[in-house]
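See below for the structure under consideration.
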Amino acid sequence: MSDRPAAPPIRIGEAEWIVMRDVPDRPAGLVKYFAPSGAPAYFRCVTWAPRSEDRRLIGRFATLAEAERAVPGGRRSAAPATPSSADAWEHGQVPWDAAPRRSDRYA
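If you're matching positions, the sequence shown starts at 630 in our numbering and goes up one per residue.
Shown next as structure tokens:
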């Protein structure tokens, strides 16, 4: 883990944030706010993966700050991953401002 303080969550949608850790070009976690009717609102926190089905639940939290603190630090590998064309997000080939916005996904 780095000696630098953790960066604050970065808002990427109406109710979504990414959490950065030790690897500067790859999120460590994703937090999404849910407010179901008839139940308490919560922040769901998952590990980052380019594909939704590869993400793992970290937990549900009452505040964004609690969710952010639960995200583990990133890991650096000794050798870079072999690039594949399967997912541009995986290899940092897509700029952050090209991230799909919530309105784009549900249009």
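Ideal Cβ placement from N, Cα and C applies to all residues, glycine included.
{"Check": "Bridge partners - L686, DSSP secondary structure assignment", "Outcome": "V675"}
{"Check": "Contact under 9 Å by Cβ, W677 with G658", "Outcome": "yes"}
{"Check": "CB-CB length for P638 against L693, believed under 8 Å", "Outcome": "6 Å"}
{"Check": "Buried or exposed by the 16-neighbour rule on C-beta atoms within 10 Å, applied to R650", "Outcome": "buried"}
{"Check": "Pair within 9 Å by beta-carbon distance, V700 and V652", "Outcome": "no"}
{"Check": "Start and end residues, beta strand (DSSP E) containing A699", "Outcome": "Per DSSP, A699 belongs to no beta strand (DSSP E); it is in the alpha helix (DSSP H), L693 to A699."}
{"Check": "Which listed residue (D654, E645 and D683) has its alpha carbon closest to that of Y662", "Outcome": "E645"}
{"Check": "Residue range of the unbroken beta strand (DSSP E) whose run includes V648", "Outcome": "E645 to M649"}
{"Check": "Buried versus exposed call for E643 [16 or more other C-beta atoms within 10 Å across all chains shown]", "Outcome": "exposed"}
{"Check": "Spatial distance of A670 from R689 (CA atoms)", "Outcome": "10 Å"}
{"Check": "Pairwise C-alpha distance: C674 and R684", "Outcome": "10 Å"}
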